[in-house]
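Structure first, commentary second.
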Amino acid sequence: MLAATNATEEHVHSTFASRYVRAPVPRFKMPEKSIPKDAAYQVIHDELMLDGNPRLNLASFVTTWMEPECDKLMMAAINKNYVDMDEYPVTTELQNRCVNMIANLFHAPVGEEETAVGVGTVGSSEAIMLAGLAFKRRWQHKRKTEGKPTDNPNIVTGANVQVCWEKFARYFEVELKEVKLKEGYYVMDPEQAVELVDENTICVAAILGSTLTGEFEDVKTLNDLLTKKNEETGWGTPIHVDAASGGFIAPFLYPDLEWDFRLPLVKSINVSGHKYGLVYAGVGWVVWRNKEDLPDDLVFHINYLGSDQPTFTLNFSKGSSQIIAQYYQFLRLGFEGYKNIIENCMENMKVLKQGIENTGRFNILSKDIGVPLVAFSLKDSSKHTVFEIAENLRRFGWILPAYTMPPNAQHVAVLRAVIREDFSHGLAKRLVAHIEQVLKEMDGLPSRLQHKKTERETQEEVFRYWKRLVDRKRAGVC
Amino acid sequence: MVLSKTASETDVSVHSTFASRYVRTSLPRFKMPENSIPKEAAYQIINDELMLDGNPRLNLASFVTTWMEPECDKLIMDSINKNYVDMDEYPVTTELQNRCVNIIAHLFNAPLGESEAAVGVGTVGSSEAIMLAGLAFKRKWQNKRKAEGKPYDKPNIVTGANVQVCWEKFARYFEVELKEVKLREGYYVMDPVKAVEMVDENTICVAAILGSTLNGEFEDVKLLNDLLIKKNKETGWDTPIHVDAASGGFIAPFLYPELEWDFRLPLVKSINVSGHKYGLVYAGIGWVIWRSKEDLPEELIFHINYLGADQPTFTLNFSKGSSQVIAQYYQLIRLGYEGYRNVMENCHENAIVLKEGLEKTGRFNIVSKDDGVPLVAFSLKDNKRHDEFEISEMLRRFGWIVPAYTMPADAQHITVLRVVIREDFSRTLAERLVIDIQKVLHELDTLPAKVNAKLAMAEEEEAKSGTVVKKTAIETQREVAAFWKKYVSERKTNKNKIC
Chain A
1 MLAATNATEE
11 HVHSTFASRY
21 VRAPVPRFKM
31 PEKSIPKDAA
41 YQVIHDELML
51 DGNPRLNLAS
61 FVTTWMEPEC
71 DKLMMAAINK
81 NYVDMDEYPV
91 TTELQNRCVN
101 MIANLFHAPV
111 GEEETAVGVG
121 TVGSSEAIML
131 AGLAFKRRWQ
141 HKRKTEGKPT
151 DNPNIVTGAN
161 VQVCWEKFAR
171 YFEVELKEVK
181 LKEGYYVMDP
191 EQAVELVDEN
201 TICVAAILGS
211 TLTGEFEDVK
221 TLNDLLTKKN
231 EETGWGTPIH
241 VDAASGGFIA
251 PFLYPDLEWD
261 FRLPLVKSIN
271 VSGHKYGLVY
281 AGVGWVVWRN
291 KEDLPDDLVF
301 HINYLGSDQP
311 TFTLNFSKGS
321 SQIIAQYYQF
331 LRLGFEGYKN
341 IIENCMENMK
351 VLKQGIENTG
361 RFNILSKDIG
371 VPLVAFSLKD
381 SSKHTVFEIA
391 ENLRRFGWIL
401 PAYTMPPNAQ
411 HVAVLRAVIR
421 EDFSHGLAKR
431 LVAHIEQVLK
441 EMDGLPSRLQ
451 HKKTERETQE
461 EVFRYWKRLV
471 DRKRAGVC
Chain Z
1 MVLSKTASET
11 DVSVHSTFAS
21 RYVRTSLPRF
31 KMPENSIPKE
41 AAYQIINDEL
51 MLDGNPRLNL
61 ASFVTTWMEP
71 ECDKLIMDSI
81 NKNYVDMDEY
91 PVTTELQNRC
101 VNIIAHLFNA
111 PLGESEAAVG
121 VGTVGSSEAI
131 MLAGLAFKRK
141 WQNKRKAEGK
151 PYDKPNIVTG
161 ANVQVCWEKF
171 ARYFEVELKE
181 VKLREGYYVM
191 DPVKAVEMVD
201 ENTICVAAIL
211 GSTLNGEFED
221 VKLLNDLLIK
231 KNKETGWDTP
241 IHVDAASGGF
251 IAPFLYPELE
261 WDFRLPLVKS
271 INVSGHKYGL
281 VYAGIGWVIW
291 RSKEDLPEEL
301 IFHINYLGAD
311 QPTFTLNFSK
321 GSSQVIAQYY
331 QLIRLGYEGY
341 RNVMENCHEN
351 AIVLKEGLEK
361 TGRFNIVSKD
371 DGVPLVAFSL
381 KDNKRHDEFE
391 ISEMLRRFGW
401 IVPAYTMPAD
411 AQHITVLRVV
421 IREDFSRTLA
431 ERLVIDIQKV
441 LHELDTLPAK
451 VNAKLAMAEE
461 EEAKSGTVVK
471 KTAIETQREV
481 AAFWKKYVSE
491 RKTNKNKIC
């Protein structure tokens, strides 16, 4: 006697034979019933197959590969809530060691065995908000003692800043005074920046490793010009260096480049552990020059079971895995290891750059000195644009972003490939081959853009230009 | 003839980790080491140091999830290298976040149509969620005041003194005054009547807590709503409510579905909940939901343009891992309503077992209620000779981490021990904890009282009853010293930060 298939025991069915793969996935309401864990795992895992491959995502600076030993450490720590400092004293100690090491790397004026002032964050966004908060509070204190108004703080940066500076400005009610870029000069001009400084400026933010072209801004010139202006005005305007990318590159490749606490006006620096700190997404660091630069009224004291721990972060509960992974990398690689990896990245970057140049169709906008990335634009974008190239490269699995520059260079559109630790020579060659293939294909296709435009089309183009300008104001660059 | 070499000269890669020279050096603490070391050595050294951390599953101080199914661990590990913010690169992960927001909004009875997308976002935790919600309230209130031509430089927020530290952070970092409703002995949550009294024209919102950290109690949001509606009618200020449902948001809908605390109450404009508490996900995920689009000012939202696609974003953090968002979705579809209810009922049952075990010892008062977050907060009936802090210390020897706290103002003389019952705290563990507490009590009974305890008790008794205990001269001197020391350190630090 045969029983119908669906009358046999539920738990006997393999996942794809069960009824759980026949139901639509819940999108708006929690389902009434539970489902077996294997089915839940499979259903979600399968949907996620349609996400991009993180390792082929050349848009991102964020680390996409770590050694299996580190993965093991991370998985073991996944259920540790980082903020329970008293419960997990070793993990807290590891964070403090990382802060010390990074402060040392940045030449913070700390004694041999002196603890540095800094904290681990979820990323450079949180780090920048904390640094900005510290500057704002210091400036307010100073103005109050001078009996002057404190309601109009501003911050001077380049228009090439990452979106988190705009977030900081908007959420913490600080005006953002941006130094505009121009074609051929895609970072903040120190002279123009210093001109924009006024009595309400809480700090000037320089970027070491601009997101757009990977360039390092000239922090030394900024420091020297600002020192002179401070002497004249007596305002004491400080500098913050957003070294999100560059902080783990410059010390290893360009140790003589003065950009960090060696410059007296630099009061705080942030760096992303999850970029060239070589850790997965979710860890950043901010370091202050010394205790005076972090106002005490911003620091909260937590009392657990009697012991006092000072804390100054926006996030509270979070995982511990990335902090432990950062310490693993420092210990495992050491100075020598980091240097080797970044040198490899630079070499592979040059291979990619060479290959792209050899096609003869592109201008290279990125410099050789800076973050290992290649930013390139089409010499001739009248028939096809870099946006089309980016779309076509997706077919091969590559994710290569195309952007327009911020004002005043909005007419320049670039493709950008970031070279991370796990982007080998072989992959670089393969990418060049695919780019060549895409170019060949596009040459055979009619242009999406018209050569001769009718008046209506010209009007449409003008409309699109202005719409983009408006959208650009709210668009973030990453 | 075979020449032997000393161990350190043979090929380094042959040595097992504990035979190599890498375990003979002290670990770097201030400077990055010059050279690399093999990955096995790095792994082993760090793993070994971490053995001295507490065991997360025996950490009864925390509400945050410490166990998930292996299938979910697999999903988490697979997505560990996905940067959540790359929305265009990982559209499915982004879609999963949106589904979670919709599901949670529906759970909280947000007034949405059948296929309407809810307004909300995933965050790193309730701290970020609360800061975003607070920012939205502040901006709405500022816009309203500007339109009325009134000053907007003194915003304030009304909460109970039992709020978690992140509200104080929000207040200090975003320059909003915190008006706290003081507690009193026996009443450890915000009194709705007093709260509404404190509301003035500068109040951006009133924050109620569903699941107070101190004793797990749910505040009476309905009463607050009704009283505030009446006041709003008189004043025309239109003060809204935010519910901090960090713990309670994933408990009330399953255990107390009739309890009206969410968007069913018209003044509730936003709610936050921690995915990593009773959402049953590891640390690193929270959610904030707004009632409707009007409650989230458009100017706070940033639009990111990646490869042409427009994605609105409103978070403080940018790059972060995707694992917890995926894990949250896993839990929502794996467990479903039935599964969550079963887990919460289990927690509730095990809390009762623990509570009854403690009551049977005859030495404790139970401060927590039966309804609310499944936790047991208890204090000693008699803490003259030994206090709760000593019990907490001694329990550590058995591996248990049970925190002891003093209540915030105006009930600072009350000290409690608190055990949080999470999903993975089974009945056998509850019974074992009771046995270990009894062991500790027996030991303490045989030990002499600590001098500090005696002095502290003397202070408390004075505060409570106004009577004076007879003291020797040196005890009085010590007490005076202790009093001033405490006074100075309280002024410097923010005491009693609650988590």
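First to last, the protein sequences are chains A and Z. Just so we're aligned, residue 1 is where the first sequence starts under full-length UniProt numbering, counting upward by one. Just so we're aligned, residue 1 is where the second sequence starts under full-length UniProt numbering, counting upward by one. Note that CB positions come from ideal geometry on N, CA and C, so glycine has one too.
Residues of the segment 400-418 of chain A that bring their beta carbon within less than 7 angstroms of a beta carbon in chain Z comprise 401 and 402, in sequence order. About 5 angstroms separates the beta carbons of residue 340 (chain Z) and residue 254 (chain Z), which is inside the 8 angstroms limit, making them a contact pair. Shown in chain order are the members of the segment 273-284 of chain Z whose Cβ falls below 8 angstroms from a Cβ of chain A: 274, 276, 282, 283 and 284.
Distance between residue 371 (chain A) and residue 224 (chain A), taken at the CA atoms: about 24 angstroms. Under the three-pair Cβ rule at 8 angstroms, the segment 257-271 of chain Z counts as touching the segment 106-121 of chain Z.
The residues 219, 220, 223 and 239, in chain order, have a CB closer than 8 angstroms to that of residue 263 (chain A) in the same chain once the five nearest residues on each side in sequence are set aside.
At least one beta carbon of chain A lies nearer than 9 angstroms to the beta carbon of residue 64 (chain Z). The Cβ neighbour count for residue 73 (chain A), taken over all protein chains shown within 10 Å, is at least 16; the residue is labelled buried. Per DSSP, reduced to three states, the secondary structure at residue 301 (chain A) is strand.
Distances from the CA of residue 447 (chain A) to each of A:389, A:414 and A:336 were compared; the closest alpha carbon is that of A:389.
Contact between residue 416 (chain Z) and residue 375 (chain Z) does not hold, since their C-beta atoms are separated by about 10 angstroms, which reaches or exceeds 8 angstroms. Taking 4 residues as the shortest admissible run, the segment 29-117 of chain A contains the following complete alpha helix (DSSP H) segments, listed from N- to C-terminal end: 37-48, 68-76 and 89-105.
Residue 84 (chain Z) is a Cβ neighbour of residue 281 (chain A), given a cutoff of 9 angstroms.
In terms of beta-carbon proximity, residue 97 (chain Z) stays away from the interface with chain A, with every pair separated by 9 angstroms or more. In the three-state reduction of the DSSP assignment, residue 357 (chain Z) falls in the helix class, which pools H, G and I. When C-beta distances to chain A are compared with 7 angstroms, the residues of the segment 96-130 of chain Z below that value are 99, 102, 103, 106, 107, 115, 124, 125, 127 and 128, in chain order. Here the alpha carbon of residue 141 (chain A) sits roughly 36 angstroms from the alpha carbon of residue 276 (chain A). A Cβ-Cβ separation of about 7 angstroms places residue 186 (chain A) in contact with residue 215 (chain A) under the 8 angstroms criterion.
Given a length threshold of 4 residues, each whole run of the alpha helix (DSSP H) inside the segment 34-118 of chain Z is given here in chain order: 39-50, 70-78 and 91-107.
One finds 75, 96, 326, 329, 330 and 333 in chain Z with Cβ atoms closer than 8 angstroms to the Cβ of residue 44 (chain A), taken in chain order.
Distance between residue 353 (chain Z) and residue 232 (chain Z), taken at the CA atoms: about 44 angstroms.
Residues of the segment 331-357 of chain Z with a C-beta atom less than 9 angstroms from some C-beta of chain A are 331, 332, 333, 334, 335, 336, 337, 338, 339, 340 and 342, listed in chain order. In the structure shown, residue 242 (chain A) falls within a strand segment according to DSSP collapsed to helix, strand and coil. Take the alpha-carbon of residue 412 (chain Z) and the one of residue 190 (chain Z): they are about 16 angstroms apart. In the same chain as residue 92 (chain A), and ignoring 5 residues on each side of it, the C-beta atoms closer than 6 angstroms to its own belong to 85, in chain order. Excluding five sequence positions before and after residue 236 (chain A), the CB atoms of its chain that fall closer than 8 angstroms to its own CB belong to 142 and 230, given in chain order. Residue pairing from DSSP places residue 366 (chain Z) in a beta bridge opposite Z:378. Counting the other CB atoms within 10 Å of its CB gives residue 51 (chain A) a total of 16 or more, which places it among the buried residues.
Taking the CA atoms as reference points, residue 273 (chain Z) sits about 52 angstroms from residue 445 (chain A).
Residue range 124-146 is occupied by the alpha helix (DSSP H) that includes residue 132 (chain A). Fully enclosed alpha helix (DSSP H) runs of no fewer than 4 residues occupy 427-446 of the segment 424-453 of chain Z, in order along the chain.
Residue 70 (chain A) and residue 60 (chain A) have their C-alpha atoms spaced approximately 21 angstroms apart. DSSP, reduced to helix, strand and coil, places residue 244 (chain Z) within a strand of the structure shown. Assigned with DSSP and collapsed to three states, residue 413 (chain Z) falls in coil, not helix or strand.
For residue 378 (chain A), DSSP records a beta bridge to A:362.
By the Cβ test, the segment 68-76 of chain Z is not in contact with the segment 238-247 of chain Z, since fewer than three Cβ pairs between them sit closer than 8 angstroms.
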